[in-house]
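Heads up: the structure comes next, in structure tokens.
Numbering (our numbering), first residue to last: 256 to 511.
Structure follows, in structure tokens:
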């Protein structure tokens, strides 16, 4: 009979985490390794990837580093193929990579719109196409898409970001429907502002952040570990009956 700790561990699983060079992705990679998984991390920042890999390996688990730009189809495919070459199959896919180019609709550049959708929405779609066949073959898989509260509520000057995350929430549901019969659970986590390097860049100005903080009942932004904790739960056996959900981590923002 399994213990409660067994239900919350991922011992022996093989995980691919995108956007693994810093912030949420780095914390997710480290925590999955701490819970027993071997990890492959994808990103563009070689130094950041090296730091994450060191943290993963310090837990005693394996870490494969894959430098790739998920804004391109060819490098997204290469990332998946490299992970499969290392692991044979991927048990846990965490689609965390994301970018944002804040701008009003009238000021936004179409190139920035395309770049945002390519990384935030197209890459998870492509990675599923490439990695899910292996999950189907083994009869098991977990996919966790890192979305945002901006995929649930509109946010001024974030049209592309909101559209990409709203699309990711719906992609999560369709994946859950299509992959569920193969014992693959697919869920999304939707954080409020998390104090990652990107979060600080976009929300570090107190003038901009004050109105947002005023709408959060808990009165603060989040930390990467708070997202990683939920990702671990959704990657673990404890969540086996949960699929197709977008779970908000927003300090109560959307409760108002």
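Yeah, the Cβ is synthetic: ideal placement off N, Cα and C, and Gly gets one too. All of these numbers come straight from a predicted model, not from anything done at the bench.
Of the residues 379, 291, 363 and 298, which one's Cα is nearest the Cα of residue 490?
Here the closest residue by C-alpha is 291.
In this structure, how does DSSP classify residue 277 when only helix, strand and coil are distinguished?
In this structure, residue 277 counts as coil in the three-state DSSP scheme.
In chain order, what residues of the same chain lie with their CB nearer than 6 Å to the CB of residue 303, ignoring the 5 residues before and after it?
Once the five neighbours on either side are set aside, the close Cβ partners of residue 303 are 276 and 277.
Would you give the residue range spanned by the beta strand (DSSP E) that residue 322 belongs to?
Its beta strand (DSSP E) spans residues 318-322.
If you check the beta carbons only, do residue 391 and residue 499 fall under 9 Å apart?
Not in contact: residue 391 and residue 499 (Cβ atoms no closer than 9 Å).
Could you tell me which residues DSSP pairs with residue 396 in its beta bridges?
When DSSP reads this structure, residue 396 sits in a beta bridge with 439.
Does the pairing of the stretch 331-351 with the stretch 376-391 give three or more beta-carbon distances under 8 Å?
Segment contact: the stretch 331-351 against the stretch 376-391, three or more CB-CB distances shorter than 8 Å; contact assigned.
Between residue 457 and the rest of its own chain, which residues show a CB-CB distance below 7 Å, the 5 nearest in sequence each way excluded?
Around residue 457: 355 and 357.
Taking the alpha helix (DSSP H) that residue 489 belongs to, which residues open and close that run?
From DSSP, the alpha helix (DSSP H) with residue 489 extends over 479-490.
If you reduce the DSSP assignment to three classes, tell me which class residue 350 lands in.
Correct three-state label for residue 350: strand.
Is residue 296 helix, strand or coil by DSSP?
Residue state, collapsed to three classes: strand.
Is there contact between the stretch 420-429 and the stretch 390-408, where contact requires at least three CB pairs shorter than 8 Å?
Contact holds: three or more Cβ-Cβ distances are below 8 Å.
Residue 483 and residue 268 - do their beta-carbons sit closer together than 9 Å?
Against a cut-off of 9 Å, the Cβ pair of residue 483 and residue 268 comes out as no contact.
Could you tell me whether the stretch 470-481 touches the stretch 432-444, using the rule of 3 or more Cβ pairs below 8 Å?
The stretch 470-481 vs the stretch 432-444: no contact.
Cβ atoms of residue 298 and residue 322: under 9 Å apart, would you say?
Yes, Cβ-Cβ distance for residue 322 and residue 298 is below 9 Å.
Less than 6 Å between C-beta atoms, sequence neighbours within five positions excluded: which residues of the same chain meet that for residue 310?
Here the set comprises 285.
Taking the CB atoms as reference points, tell me whether residue 485 and residue 502 lie closer together than 9 Å.
At the C-beta level, residue 485 and residue 502 come within 9 Å of one another.
Taking the Cβ atom as the reference point for each residue, do residue 419 and residue 371 lie within a distance shorter than 9 Å?
Result yes, Cβ atoms of residue 419 and residue 371 sit closer than 9 Å.
Could you pull out every residue in the same chain whose Cβ sits closer than 8 Å to the Cβ of residue 442, ignoring the five residues on either side in sequence?
The residues are 398, 399, 400, 427, 431, 489, 494, 497, 498, 499, 500, 501 and 502.
Among the candidates 465, 440, 330 and 492, whose CA atom is the shortest distance from the CA of residue 348?
The closest CA to that of residue 348, considering only 465, 440, 330 and 492, is found on 440.
Could you give the DSSP three-state label for residue 517: helix, strand or coil?
The chain is shown from 256 up to 511; residue 517 falls before or after that span and cannot be answered.
Closest residue to residue 453 among 504, 471 and 353 (Cα-Cα distance):
Just measuring C-alpha positions, the residue of 504, 471 and 353 sitting nearest residue 453 is 353.
So what does residue 269 bridge to, in DSSP terms?
Residue pairing for residue 269: DSSP places it in a beta bridge opposite 293.
Would you list the residues sitting across from residue 503 in a DSSP beta bridge?
The bridge partners DSSP lists for residue 503 are 445.
Using CA atoms only, rank isn't needed, just tell me which of 294, 507 and 360 is closest to residue 410.
That would be 360, whose Cα lies nearest to the Cα of residue 410.
Restricting to Cα atoms, I'd like to know which of 394, 272 and 508 is closest to residue 469.
Cα-wise, what sits closest to residue 469 is 508.
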